[in-house]
Structure formats: C-alpha cells, structure tokens
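Chains as they are written, first to last, in my numbering: chain A, 1 to 216; chain B, 1 to 358.
Notes follow the structure.
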Amino acid sequence: MLRLVRSPDAGAEPAGARAREQADPLRAVATRAVAGDDRARCTLLVALGPVLLRAVRGVLGVRHPDVEDVLQESMLALCSALDSFRGDCQTSHFACRVAIQTAMNGRRRAARRQRTTPSVPPEELAEMAHDELSPAELLAAARRREVLRGLLDDLPAAQAEVLALHTMLGHSVAETAAITGVPINTARSRLRAGLGALRERAGADATLAEAVRGEP
Amino acid sequence: MTEKRSGHEYDEDLAVLARRQPLVDAERSELEAALAADPTLRIAHEVGRAFDDVAFVRPGDEALIARVVDRTHRSESRAVVARRWRSAAAVAATLLLAAGGAGAYRAGIALRVRRTPAHDIAPTAPRLQARAGMNGHAEASASVAPAAAVASPATQSATQLKEQAMAWTGPHLGSTRATRPSPSARPAFATAGPSEQPPTPTPPATASTPDGDVTAADLFRRAGAARRTGALATASALYEDLQARFPAAEEARLSHVSLGKLLLETGRPQEAEHHFAIYLAGGPGALAAEAAFGRGESFERMGRAREERQAWLELLRDFPESVYAGPARRRITALDDSGLDSPNPPGDVPAGDSANSR
C-alpha cells in the first residue's frame, strides 16, 4: 500500500535556511565567494582573519616571524578549499582547520630550517613583560605551549589536528569532530592518543611533571 | 542544557568549558575531581590554560589582516587569470584534437567508402532512415543514405572524441579546482610544500620589480619565502636589497637578524656578526636576544675566543632570563677551561636561573 510520507524538511526549508544562517552567519558570504564574488571573498577573509590569525599564532607562537606569511598561506589555502566545503560545520571552524593544517606545515618547515629549536622561542619571551603573571609562571606556561607545539611536529597529522583544535584552541570534542569531519568516537580516540603522547612528553618537562604527579 | 555524559568526553568538555567561562559550583567540583583522578586530563588542562594565557589578539592585527587579505586577493586574481588562460588553452587543444580526430576519421571512412561496393552500404540505409525519423528528420531519404552513412559515424565519432577529450581535459579546465582537495583529501593541500604550491611567486634574483611598487614587507616576505625554499643566495640578495631600499623600515631591521643567521649557516660568520651587531645597535627589539646569541656564535665560528667570551657576557648581562643564557654560560665555561686568558676577573659570569642553565 502506498502511503504519503511527509518529509521532515518539506515546507520548512526557509526556516531551516534561516536557522542555518543564524548558526553560521558567514555561510552566505562563503557561498557568494565560492560563486566568484570578489567582494564576498574579501569580506569573508577579513571576517575570518582573526580566527585564522589565532590558529596560526597558536601553532607557531605569537611573535613568530613567519606568522604573516603563514596567515597568507592559510588564506590562499582557504580560498582553494572553500568550494569543497559542504557546510558540515561552521565556516569559521572550517577556516580554523585550514589554518591549523597550514600552520603545522609551516612549523615543520621552520623546524627543518632550524636544527635546534629553543625550549621557548625568544619572540614569546618578549611577551612576558606585558603579562600579569610572575616570570616563573610565564616561563612555565611558555614551556607548556612549546611542549604541545613540539608534539604537533611529531604526531600523525590526524592526531595533531585534533589535539590542536581541542587543547590549543579549546574546542569541545563534538566541535572537533564536526570540524574534522569525523564521527565523535573517532575524534575522541584520536584525542586520547594525542593526549597520551602529551602525557609521555610532559614527563620530560619539570613543570608538567608536577602536573603528572598531581602537585599544584 | 547540555546533557551530562559520563567518561572522558564529559570531563574533557568540562575542562574546555572551564576555559571558556566560569563554572558553577557543582561543575567546578566535578572538574576538580576529574582532574585529581586523571593525570592526562590534568596535563591537557594545564597545557590548554597555558595557551589561554597568551594574548592572541594584538594591536595592529586589523592592519595586518587587511594587508594579508589584499595580498591574497591580488595573488588569487593572478591565479584566476592564469586559470582562465589554461582553460582557454585546454578548450582550444580539445577542439583541435576533436577536429583532427574527426578529420582523420572522415578521411578513413571516405577511403573505405570509395573502396566499398554500393550493395555493402545499402543495408544500413533503413536503419539510418529509422534513426532520422526518430530524430524528426523524416526528410532523410535512402538516396542520401550513403552520405549519411559516412557523415553520421564521423559526426558521432567527433562528438565522442570531443566528449572523451573534454572528460580527459576536465581537470585541466579548472586546474586549480582540480588541485583543490576534496574534504577527505584536504590535508593534501596543506602538506604541499612551498615548492609544490608556493604562496608567492618565485622570487627574482634581484628585488626590483617592473611595477616598481614593491614594499619593504614584500621584499621581506619574498626573502623569507626564498629562504624557506633553500634559495639562500636569492634570500640574501633580497635582504640586502631591502636594507638598501628601506633602511628605516622595521622589516629592514629585522632582516639583519635573518640575514645574519643565513650568513652564519652559509659559513660567513664575519659578515653575519656585522649584521647581528647592526640589529643590536638599533636598541631593544624582539629579536635582540637572538641577535646577541648569533653574535656569540659568529665569533665562535671565527675562532675569536676573546670576543666570543665578551659577546656571551653581554648576552648574560642583557638577557639573563633568555633561553640562550644556558648555552652562553656553558660556552664561557668551555672557553675558560680551554685556558683562555680572560681579561675579566674570575666570577664575572652573572648567575642565572638554573632552569635556563640546563
């Protein structure tokens, strides 16, 4: 017997579109940019600039000399990748992922250039004068950041990406899964593997070793 | 509200939530319990908070973003023009290929027709008629069947050839699109090194550009790109050009450290020291510790032990907390152990942070 079945989306498309637009205000601009609208592309890049910059600085370091170059690489990569964006996550999250990947590659290139990487980049030390924490706390924080950044160089790309999104940029597991386009369980298992590696790496760092032992 | 979940997912998300906003008492208690129970979570939380301590937004970011967007836009526009040219070339090649194929096929058929007796062709006529009728060309008659028999396969072949050529050249028609990664293959674009998909055009041997609107930032960027791709001579030339053309620019000052390191890598410590010294003479700067370290390394490579020791002492005096303090102390110790006749009294090495002395 034939039965008429009403699609859950039938008749609700405008409302759905509005909801999606509210959830992702940059989606419409991104769509126009993909269609070849130059102004929309510029608008999109300006709007996403802070997101990209934060991800790039997170991976490279705030005052790393390659920040500007890598930011431009990220924008070019974003423009290239945008038409493959299917809207599975927010546009800003998609951009964040592109920037993370580009910056991790930039960091690996920089590491190859430099045979020895100092435990704390001097450009980060310059930041310490502007902070309210004590120099010892700042140095410890800088070393912790470098432990994670160093780990990103060595981990498999998929794990490194998840670790950067979650631990460095503070995305939840569900957000990280949406950004990377994998099921939540996959994202979580990658995160666990990455955090396990972080724990091993942390044993070599005095300040983090305290955290491993449970000391304040 | 978020449904409470058990296990690591909840704990990890709670830790993330704590970094975003203040927790309510119950959540805070739960987080503390989770952190006490799980060392891995504790480490992740500590490391995450270390990133939160950094001000990722800085004065001048708007100008920086605008500058990079502008450069990206120009670069993309050039890429679009190049893409259009490639598309046009691909279409032209396709048409030539199709026309050539059709011509060759037609010539081959024509030869065969001349050699084929008429009765061999005749049976194909009704089928062609039927097809013509189906296509609404009822006027096609048996009298034109031989011609149709020649023309139709040829036309069909040309169409097929064109379709095949289009299918084959499809990726080239949008070459950039073709290289754009699918979501599953997205990491591929990111793993592409600068030699595969350089962010900027290959830097010229000299920094002079035909348009003449080159900026200090452009030169600095090009030099950096050249350095990354291993074109050290080009990078060196670009840094020198930058310093000559924009001596007052901040990029020019920074470039002294970059050039110094580059010269040091290429075995020219004397020139390297000169550039590090220029940077340091400019007063405090973000790369001053690095420049001081480079200066010490330059003297070490030159074998000028006395100047080297003095350079390390200056580094310890000016940047006692830097990551370079430890190596500087070790180097001074080595120099002293090697019997260097120090002009300074014993104990002239400033004491420093033990963590940095490691």
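Glycine is no exception: its CB is placed at the ideal position from the N, C-alpha and C atoms.
The model shown is predicted, which means the values in this text are computed figures rather than measured ones.
Item to complete: List the endpoints of the continuous alpha helix (DSSP H) containing B/G260.
Response: Translated into positions along the second sequence, residue 260 of chain B becomes position 260. E250 to E265 is the extent of the alpha helix (DSSP H) around B/G260.
Practice prompt. Put B/E321 into one of helix, strand or coil per three-state DSSP.
Written response: Walking along the second sequence from the start, residue 321 of chain B turns up at place 321. B/E321: coil per DSSP, three-state reduction.
Practice prompt. Consider the Cβ of B/E76: report whether some Cβ of chain A lies at a distance smaller than 7 Å.
Written response: Locating residue 76 of chain B in the second sequence gives position 76, counting from the first residue. Closer than 7 Å: yes.
Practice prompt. Please confirm if B/G48 has its CB atom under 7 Å from at least one CB of chain A.
Written response: The residue given as residue 48 of chain B occupies position 48 in the second sequence. Yes, B/G48 counts as interfacial toward chain A.
Item to complete: Please state whether DSSP places A/H171 in a helix, a strand or coil.
Response: Translated into the one-based positions of the first sequence, residue 171 of chain A becomes position 171. Coil, per DSSP.
Worksheet item: Can you check whether the CB of A/G106 is closer than 7 Å to the CB of A/D66?
Response: Sequence index remark: in the first sequence, residue 66 of chain A carries index 66 (1-based). Sequence index remark: in the first sequence, residue 106 of chain A carries index 106 (1-based). Against a cut-off of 7 Å, the Cβ pair of A/G106 and A/D66 comes out as a contact.
Practice prompt. Could you give the DSSP three-state label for B/R71: helix, strand or coil?
Written response: Here residue 71 of chain B refers to the residue found at position 71 when the second sequence is read from its first residue. Helix.
Worksheet item: For the candidate residues A/A187, A/S189 and A/G87, whose alpha-carbon lies nearest to that of A/V29?
Response: The residue you call residue 29 of chain A lines up with position 29 of the first sequence. Proximity to A/V29 across A/A187, A/S189 and A/G87 peaks at A/G87, based on C-alpha coordinates.
Worksheet item: Rounded to a whole number of angstroms, what is the C-alpha to C-alpha distance between B/S258 and A/P25?
Response: Here residue 258 of chain B corresponds to residue number 258 of the second sequence, with the count starting at 1. Here residue 25 of chain A corresponds to residue number 25 of the first sequence, with the count starting at 1. Those two C-alpha atoms are separated by around 41 Å.
Worksheet item: Interface residues of chain A around B/I278 at Cβ under 7 Å?
Response: The count along the second sequence starts at 1 and reaches residue 278 of chain B at position 278. The premise fails here: B/I278 is roughly 17 Å from chain A at the closest Cβ pair, so nothing lies under 7 Å.
Practice prompt. Would you mind telling me which residues of chain B sit closer than 7 Å to A/L155, beta carbon to beta carbon, in chain order?
Written response: Within the first sequence, the letter at position 155 stands for residue 155 of chain A. Here the premise fails: no neighbours, minimum Cβ distance about 13 Å.
Fill in: chain A within 7 Å of B/R268, Cβ atoms only
The count along the second sequence starts at 1 and reaches residue 268 of chain B at position 268. No, B/R268 lies away from the interface with chain A (no Cβ there is under 7 Å from its Cβ).
Item to complete: Could you tell me if B/V24 is buried or exposed, where buried requires 16 or more neighbouring beta carbons within 10 angstroms of its beta carbon?
Response: In the second sequence, residue 24 of chain B corresponds to position 24, counting from 1. Exposed: under 16 other Cβ atoms inside 10 Å.
Discussion item. With the cut-off set at 7 Å, would you say B/A272 and B/L263 are in Cβ contact?
Written reply: On the second sequence, position 272 is the one that residue 272 of chain B refers to. On the second sequence, position 263 is the one that residue 263 of chain B refers to. Against a cut-off of 7 Å, the Cβ pair of B/L263 and B/A272 comes out as a contact.
Practice prompt. In the DSSP assignment, find the alpha helix (DSSP H) that holds A/E31 and state where it starts and stops.
Written response: Here residue 31 of chain A is taken as the residue at index 31 of the first sequence, counted from 1. Here the sequence assigns Thr to residue 31 of chain A, which means Glu is not the residue at that position. That run of the alpha helix (DSSP H) goes R27 to V34.
Fill in: Cut-off 7 Å between Cβ atoms - residues of its own chain near B/G170, not counting five sequence neighbours on either side
For the purposes of this step, residue 170 of chain B is identified with residue 170 of the second sequence, where counting begins at 1. Caution applies to B/G170, whose pLDDT of 31 falls short of 50 and renders its modelled position unreliable; the model cannot decide the point.
Worksheet item: So with Cβ pairs under 7 Å, would you call A/L76 a contact of chain B?
Response: Mapped onto the first sequence, residue 76 of chain A falls at position 76. So yes, A/L76 belongs to the interface.
Discussion item. Any beta carbon of chain A sitting closer than 7 Å to that of B/R69?
Written reply: Working through the second sequence from its first residue, we reach residue 69 of chain B at position 69. Reading off the sequence, residue 69 of chain B comes out as Val, not Arg. Yes, B/V69 lies at the interface with chain A (some Cβ there is under 7 Å from its Cβ).
Worksheet item: List, in order along the chain, the chain B residues whose C-beta lies closer than 8 Å to that of A/C42?
Response: On the first sequence, residue 42 of chain A is found 42 positions in, with the first residue counted as 1. In chain order: V69 and H73.
Item to complete: Pull up the distance between the alpha-carbon of B/G282 and that of B/D318, whole angstroms please.
Response: As a working note, residue 282 of chain B is residue 282 in the second sequence. As a working note, residue 318 of chain B is residue 318 in the second sequence. Near 14 Å, if we compare the C-alpha coordinates of B/D318 and B/G282.
Worksheet entry | Neighbourhood of A/P50 by C-beta distance below 6 Å, restricted to the same chain and skipping five residues each side | Here the question's residue 50 of chain A lines up with position 50 in the first sequence. Counting only Cβ-Cβ distances below 6 Å, and skipping sequence neighbours, we find nothing.
Worksheet item: Is B/V24 helix, strand or coil by DSSP?
Response: Counted from its first residue, the second sequence places residue 24 of chain B at position 24. Three-state DSSP puts B/V24 in coil, outside helix and strand.
Fill in: Chain-ordered residues of the segment 53–80 of chain A with a beta carbon less than 8 Å from chain B
Those residues of the segment 53–80 of chain A that come within reach of chain B (Cβ to Cβ, closer than 8 Å) are L53, R54, R57, G58, V62, R63, P65, D66, E68, D69, L71, Q72, E73, M75, L76, A77, C79 and S80.
Worksheet entry | Neighbouring residues, chain B, relative to A/L195 (Cβ below 7 Å) | Walking along the first sequence from the start, residue 195 of chain A turns up at place 195. Correct list: T40 and A44.
Worksheet item: Using 8 Å as the threshold, is the segment 136–148 of chain A in touch with the segment 44–54 of chain B, meaning 3 or more CB pairs across them?
Response: yes
Discussion item. Pairs of beta-carbons, one from the segment 323–338 of chain B and one from the segment 290–303 of chain B, closer than 8 Å: are there three or more?
Written reply: yes
Worksheet item: What three-state label does DSSP hand A/T91 in the structure shown?
Response: Position 91 of the first sequence, counted from the first residue, corresponds to residue 91 of chain A. A/T91 falls in the helix class under three-state DSSP.
Worksheet item: Could you check where the alpha helix (DSSP H) with B/T40 kicks off and where it finishes?
Response: Counting from 1 along the second sequence, the entry for residue 40 of chain B is found at position 40. Residues P39 to D52.
Worksheet entry | Nearest-angstrom Cβ-Cβ length linking A/L76 and B/S255, presumed shorter than 8 Å | On the first sequence, position 76 is the one that residue 76 of chain A refers to. On the second sequence, position 255 is the one that residue 255 of chain B refers to. So it is not a contact: roughly 24 Å between Cβ atoms.
Worksheet item: In angstroms, rounded to a whole number, what distance separates the CA positions of A/A55 and A/C79?
Response: Here the question's residue 55 of chain A lines up with position 55 in the first sequence. Here the question's residue 79 of chain A lines up with position 79 in the first sequence. Distance between the alpha carbons of A/A55 and A/C79: 17 Å.
Fill in: Burial state of B/D333 (16 or more Cβ within 10 Å)
Position 333 of the second sequence holds residue 333 of chain B. Here residue 333 of chain B is Thr; the residue named in the question, Asp, does not match the sequence. It counts as exposed.
Discussion item. Pop quiz: B/A233 and B/A223 are said to be a contact at Cβ under 8 Å. What is the actual Cβ separation, rounded to whole angstroms?
Written reply: Here residue 233 of chain B refers to the residue found at position 233 of the second sequence. Here residue 223 of chain B refers to the residue found at position 223 of the second sequence. Incorrect: roughly 11 Å between the Cβ atoms, too far for contact.
Worksheet item: Taking the alpha-carbon positions, what's the A/R199 to A/V98 distance?
Response: Locating residue 199 of chain A in the first sequence gives position 199, counting from the first residue. Locating residue 98 of chain A in the first sequence gives position 98, counting from the first residue. Taking the straight line from one Cα to the other gives about 26 Å.
Fill in: A/P50 in three-state terms, based on DSSP
Within the first sequence, residue 50 of chain A is the residue found at index 50, counting from 1. A/P50: helix per DSSP, three-state reduction.
Fill in: Beta-carbon neighbours of B/R19, restricted to chain A and to distances below 8 Å
Along the second sequence, one-based indexing puts residue 19 of chain B at 19. For B/R19, the chain A residues whose Cβ falls inside 8 Å of its Cβ are G170, in order along the chain.
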